[in-house]
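With our numbering as the guide, the letters of the sequence shown map in order to residues 35 to 249. From the three backbone atoms N, C-alpha and C, an ideal C-beta is built for every residue, glycine too. Below is one structure; the comments refer to it alone.
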Amino acid sequence: KDKYFLIHAIPYQSKLGKNNLEIKINNNISYLSFNVKEKDFDTQNIHITSKYINPSIHNQERIILERKSLGEAKDIWYNESPDLKFIIPANGIITGKFGTKRFYNGKEGSFHNGLDVAAERGSPIISPSKGKVILTGNYYYNGKFILLDHGKGLKSIFIHLDEILVEKGQIINKGDLIGKMGNTGKSTGPHLHWSLLLGKTYVDPEYFLDNQIID
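What follows is the structure, encoded as structure tokens:
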């Protein structure tokens, strides 16, 4: 009670060893030092259709516009304090962990920036915490998706949905039904990909489950 704490996102490509963080509050500046330790991540080999490896010129133009739209949404500041006691947004089999090195059709791609939960198409997806819907859409790579702002720079994105059951601007409570699991976009089977961003840096969603982040 009456205590302040800072949650800082450590980017995936951060250098190992000592790192320094500058904290500015109004005109006051303080510094925090911390060590980044090496961590081993799994490797996955995935086969996908060629259109996601070599998109057409038309689709490249679409991808650029969609990235711009998503980037602008990520910049939005929702000045509400987040509820950090997250619950998992879908029930099923965990098929992908944060940080996994992924190879698509034998070629290394970006690291896996979220948590994958697989179940039957149409399985319910609920909100892991309260928030405000700031963007929905049906994008080339993401398929049908929801971007939910939990407040103070903490955002969830839920992708590959079959159905979107919320609208932009809608206020969502923890546990509310927001969508149904699908196989849209760059996906190889029905599942939910859930990413969590803190200050536009991807962080492991599992850290926010079971009260780990505030214990």
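Alpha-carbon to alpha-carbon, residue j and residue i
i	j	result
K102	H81	27 Å
P89	I98	12 Å
E240	S161	15 Å
H225	I121	17 Å
S115	G187	9 Å
L55	F192	30 Å
L232	V151	21 Å
K202	T170	6 Å
G143	D244	30 Å
A107	F68	30 Å
F132	N113	27 Å
G223	N62	50 Å
L118	G185	10 Å
S84	Q94	14 Å
D109	K234	8 Å
Nearest candidate by alpha-carbon position, reference residue i, set the options
i	options	result
S229	L182, E201, K208	L182
V167	G177, N139, D210	D210
S163	D150, K189, G156, Y173	K189
G216	Q204, Y86, I180	I180
I212	K178, K71, K220	K178
N125	R96, P158, H227, H146	P158
N79	R136, I57, I91, I110	R136
Assigned secondary structure, residue i (DSSP; H/G/I helix, E/B strand, else coil)
i	result
S84	helix
P123	coil
E142	strand
S103	helix
E197	strand
H227	strand
Q47	coil
Y236	strand
Residue-level contact to chain D via CB, residue i, 8 Å cutoff
i	result
N217	This model lacks chain D altogether, as it is built from one protein chain only.
Buried or exposed (CB count within 10 angstroms, at least 16 for buried), residue i
i	result
N65	For clarity, residue 65 is Tyr in the given sequence; the question names Asn instead. By the 10 Å Cβ count, Y65 comes out exposed.
H42	exposed
S221	buried
I206	buried
I128	exposed
G51	exposed
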